[in-house]
Amino acid sequence: MFPYRCSNDHTPLDDRGMTTAEYAMCTVAAVALAGILYLIVTGDPVQSALTSTIVDALGSDR
Numbered sequence: 002m003f004p005y006r007c008s009n010d011h012t013p014l015d016d017r018g019m020t021t022a023e024y025a026m027c028t029v030a031a032v033a034l035a036g037i038l039y040l041i042v043t044g045d046p047v048q049s050a051l052t053s054t055i056v057d058a059l060g061s062d063r
């Protein structure tokens with residue numbers, strides 16, 4: 002709105018890179034969460050629980 006800054010205002014006038022940095026941080030967080038979920042789902046207890054659930058749902062014998 003005003004092209005000039007007040008003398009006590011120390012905020013930068015140009016913050017064009019902030020959006021890119023925010024996207025990068027969100028991408029890193031999403032990849033970290035996906036990695037943690039992958040480790041959980043590929044663990045032995047979860048795989049055996051999923052396998053038994055699917056086998057029970059299909060009604061077949063092991």
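Residue numbering for the sequence shown follows the working numbering, beginning at 2 and increasing consecutively. Here a beta-carbon is modelled for each residue, glycine too, at the ideal position from N, C-alpha and C.
- Shown here for Val29: not one same chain residue has a beta carbon closer than 7 Å to its own, the five before and five after excluded.
- Secondary structure of Gly60 (DSSP, three-state): coil.
- Secondary structure of Gly36 (DSSP, three-state): helix.
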